[in-house]
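**Student:** Residues in the sequence shown are numbered consecutively from 1006, following my numbering. Structure below; questions to follow.
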Amino acid sequence: MGNVTEAFRRKHWRVDWFVPELDHRKYAKAFREDDDYSEDVKLFWGDPHTHTNLSPCAHVDPYNQSPAESCRHARSAAGLDFLAICDHAEHLSGEQWAQCMQTAREHNDPGRFVAWPAVEWSPQGGLYGHRNIYYNDYEVPLVSGRDRISPPRLWEFLRAAPFDALTIPHHAAREATADLSRTDDDLEPAFEIFSGWGNEEYYGAPMQDTDRCMTRNFAVDCLMRGFRMGFVAGGDGHPAPPGDSGITGIYTDGLTLDGLFRGLKRRRTIATTGAKILLDFHVNGFPMGSVIPFNQHQVSSLFPLEIGVAVQGTFPIAKVEIVENGVTVFTKTKPRARLDQMAFLWRRQSGPTDGSRLIHGPNNVSRFIYVRVTQHDGHMGWTSPIWLDFYYEE
Ligand SMILES: [Zn+2]
Ligand SMILES: [Zn+2]
1006 MGNVTEAFRR
1016 KHWRVDWFVP
1026 ELDHRKYAKA
1036 FREDDDYSED
1046 VKLFWGDPHT
1056 HTNLSPCAHV
1066 DPYNQSPAES
1076 CRHARSAAGL
1086 DFLAICDHAE
1096 HLSGEQWAQC
1106 MQTAREHNDP
1116 GRFVAWPAVE
1126 WSPQGGLYGH
1136 RNIYYNDYEV
1146 PLVSGRDRIS
1156 PPRLWEFLRA
1166 APFDALTIPH
1176 HAAREATADL
1186 SRTDDDLEPA
1196 FEIFSGWGNE
1206 EYYGAPMQDT
1216 DRCMTRNFAV
1226 DCLMRGFRMG
1236 FVAGGDGHPA
1246 PPGDSGITGI
1256 YTDGLTLDGL
1266 FRGLKRRRTI
1276 ATTGAKILLD
1286 FHVNGFPMGS
1296 VIPFNQHQVS
1306 SLFPLEIGVA
1316 VQGTFPIAKV
1326 EIVENGVTVF
1336 TKTKPRARLD
1346 QMAFLWRRQS
1356 GPTDGSRLIH
1366 GPNNVSRFIY
1376 VRVTQHDGHM
1386 GWTSPIWLDF
1396 YYEE
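The structure is reproduced here in structure tokens:
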């Protein structure tokens, strides 16, 4: 837990980037009280969802890249730190899979570039929807929807496997048969909120082909079901090269497969529509992805929440919003020093549903909070949520 000053106030982490606006404002105190941070993290950017010419859907000129070409493109042309190639398992032969893992291993260059072993899993006929599987190992079998025919069967298999793996669902709002009524809190740490298919934060969001979407299975719907999912964004190029659409930033201690895997598992991720918008977010010093459990006796130590946000945009910022349980509860539109930077601390008093007298059940008080950023060029970014998780102390 690092240097916890008290149960619900901890020292924030120190990131490897810094917004000068933090320096000359009162709220800087909240971020940099005395340079005594709980831990050091760095931010690494990548595309966790690309397809190569091994997937029929991406076998289109001029993006008809081989796995090796995709890795080189991601690293050199797109300037990414990592790439996960997620070709469709059901279309791969055993020999192609072995070749994919060999290529990933060859392009993995710890400290400079991580080629993340991954695959896309989709059961027959699109039933249950698509999920990508991310491994922490290159010695892994091909896992396809032919053998693991439903999400629970997939998780059961991965749980028993001698290697570590995580799953992430995508474009569930577009698939009539996608099933996001279930997740696995240990194995499914994130939701793909944006890709080449558009924005899946909520129905009617910007950059969304709303006519092609159901009114369910958006990120906010899943979070309202109580799922603990952070956010990632990927390309899912159909067809497009890596880094051409959504990208993901992962906070972790170093650029290695294991480091990225741990960062994803802990939901320390930000998602953007392709611009490298630097985002930091904490509640009472707890970083994005955290779960803060509390009971009815602790409401007064937890509140007011100190919600800290820092943004370094790639373009002037139009607005920074704080979203709580799917509702925008705070909007800031005016940067103070520079148009592409914003940093502030917002004190959130306990809302009308809080206080021990009004607690009737977990859903009444529990909440998730995340940050959404919109730039004037249209690019958007999201932090993963932080959860305040109420439990009743008998
Ligand atoms: Zn897919
Ligand atoms: Zn895909």
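Heads up, the beta-carbon is just placed ideally off N, CA and C, and yes, glycines get one too. None of these values were measured; they are calculated from a predicted model.
If we count Cβ pairs, one from each stretch, closer than 8 Å, do we get three or more for the stretch 1149-1163 versus the stretch 1295-1307?
**Tutor:** no
**Student:** CA-CA distance, A1103 and G1239?
**Tutor:** 24 Å
**Student:** Can you list, in chain order, the stretches of the beta strand (DSSP E) that have 3 or more residues and sit fully within the stretch 1164-1236?
**Tutor:** Fully enclosed beta strand (DSSP E) runs of 3 or longer: 1170-1175, 1195-1200.
**Student:** Contact defined as beta carbons within less than 8 Å: I believe A1079 pairs with D1052. What is the distance between those atoms, to the nearest angstrom?
**Tutor:** 6 Å
**Student:** Is it buried or exposed, Q1070, if we count other Cβ atoms within 10 angstroms and call 16 or more buried?
**Tutor:** buried
**Student:** Please tell me whether A1094 has its Cβ less than 8 Å away from any Cβ of chain C.
**Tutor:** Structure shown: chain C not included; a single protein chain is present.
**Student:** Can you have a look at M1212 and say buried or exposed, based on whether 16 or more other CB atoms are within 10 angstroms of its CB?
**Tutor:** With fewer than 16 Cβ atoms within 10 Å of its Cβ, M1212 is classed as exposed.
**Student:** Would you decide whether T1379 is buried or exposed? Buried here means 16 or more other CB atoms lie within 10 Å of its CB.
**Tutor:** In this structure T1379 is buried. Its beta-carbon is surrounded by 16 or more other beta-carbon atoms within 10 angstroms.
**Student:** Considering just the uninterrupted stretch of the alpha helix (DSSP H) at D1086, what are its terminal residues?
**Tutor:** Element bounds for D1086: n/a, residue is neither H nor E.
**Student:** What does the alpha-carbon distance come out to for the pair G1313 and K1324?
**Tutor:** 15 Å
**Student:** What residue does the beta strand (DSSP E) around P1072 start on, and which one ends it?
**Tutor:** Premise fails: P1072 lies in the alpha helix (DSSP H), 1072-1077, not in any beta strand (DSSP E).
**Student:** Specify, as a first and last residue, the run of the alpha helix (DSSP H) that F1266 falls within.
**Tutor:** 1262-1270
**Student:** Taking the Cβ atom as the reference point for each residue, do T1182 and G1150 lie within a distance shorter than 8 Å?
**Tutor:** No, these two residues do not count as a Cβ contact at 8 Å.
**Student:** Hey, out of T1274, H1112, G1318, S1075, whose CA is closest to H1381's CA?
**Tutor:** G1318
**Student:** Compute the minimum distance between the beta carbon of S1098 and the heavy atoms of ligand 1, and state whether it is under 7 Å.
**Tutor:** no
**Student:** Smallest Cα separation from P1174: which of L1262, T1057, P1340, N1222?
**Tutor:** N1222
**Student:** Are three or more beta carbon pairs between the stretch 1158-1172 and the stretch 1105-1121 nearer than 8 Å?
**Tutor:** no
**Student:** Please state if the CB of K1337 and the CB of F1349 are separated by a distance shorter than 8 Å.
**Tutor:** In contact: F1349 and K1337 (Cβ atoms closer than 8 Å).
**Student:** Please give me, in chain order, every unbroken run of the alpha helix (DSSP H) with length at least 4 that falls completely inside the stretch 1096-1154.
**Tutor:** If we require 4 residues or more, the alpha helix (DSSP H) runs fully inside the stretch 1096-1154 come out as 1099-1112.
**Student:** What does the alpha-carbon distance come out to for the pair E1111 and E1144?
**Tutor:** 13 Å
**Student:** Identify the continuous beta strand (DSSP E) that holds L1059 and give its terminal residues.
**Tutor:** That residue, L1059, is in no beta strand (DSSP E); it is neither H nor E in DSSP.
**Student:** Is D1285 near ligand 2, judged by its Cβ being under 7 Å from some heavy atom?
**Tutor:** Not under cutoff, so the answer is no.
**Student:** Hey, would you say the C-beta of A1214 is under 7 Å away from at least one heavy atom of ligand 1?
**Tutor:** As written in the sequence, residue 1214 is Asp, which differs from the Ala given in the question. It does not: the Cβ of D1214 is nowhere closer than 7 Å to a heavy atom of ligand 1.
**Student:** In this structure, how does DSSP classify R1014 when only helix, strand and coil are distinguished?
**Tutor:** Here R1014 sits in strand by DSSP.
**Student:** On the CB-based measure, 16 or more other CB atoms within 10 Å of its CB, does P1309 come out buried or exposed?
**Tutor:** Counting the other Cβ atoms within 10 Å of the Cβ of P1309 gives fewer than 16, which makes it exposed.
**Student:** Apart from the five residues just before and just after G1203, which ones in its own chain have a Cβ nearer than 6 Å to its Cβ?
**Tutor:** M1212, Q1213, D1214
**Student:** Would the beta-carbon of G1279 fall within 8 Å of that of H1176?
**Tutor:** no
**Student:** Is D1404 near ligand 2, judged by its Cβ being under 7 Å from some heavy atom?
**Tutor:** The chain is shown from 1006 up to 1399; residue 1404 falls before or after that span and cannot be answered.
**Student:** Go ahead and label W1392 buried or exposed: buried means 16 or more other beta carbons lie within 10 angstroms of its beta carbon, across all protein chains shown.
**Tutor:** Buried.
**Student:** Can you tell me the Cα-Cα spacing of E1329 and Y1375, whole angstroms?
**Tutor:** 7 Å
**Student:** Under 8 Å, do F1162 and D1142 count as touching if we go by C-beta distance?
**Tutor:** no
**Student:** What are the boundary residues of the beta strand (DSSP E) that includes L1350?
**Tutor:** 1346-1353
**Student:** Would you say R1403 and G1290 are within 8 Å of each other, going by their C-beta atoms?
**Tutor:** Here the chain comprises residues numbered 1006 to 1399, so residue 1403 is not present and cannot be evaluated.
**Student:** DSSP state of E1399, grouped into three classes?
**Tutor:** Correct three-state label for E1399: coil.
**Student:** From what residue to what residue does the beta strand (DSSP E) around V1296 run?
**Tutor:** 1296-1299
**Student:** From which residue to which residue does the alpha helix (DSSP H) around V1304 run?
**Tutor:** Note, V1304: alpha helix (DSSP H), 1304-1307.
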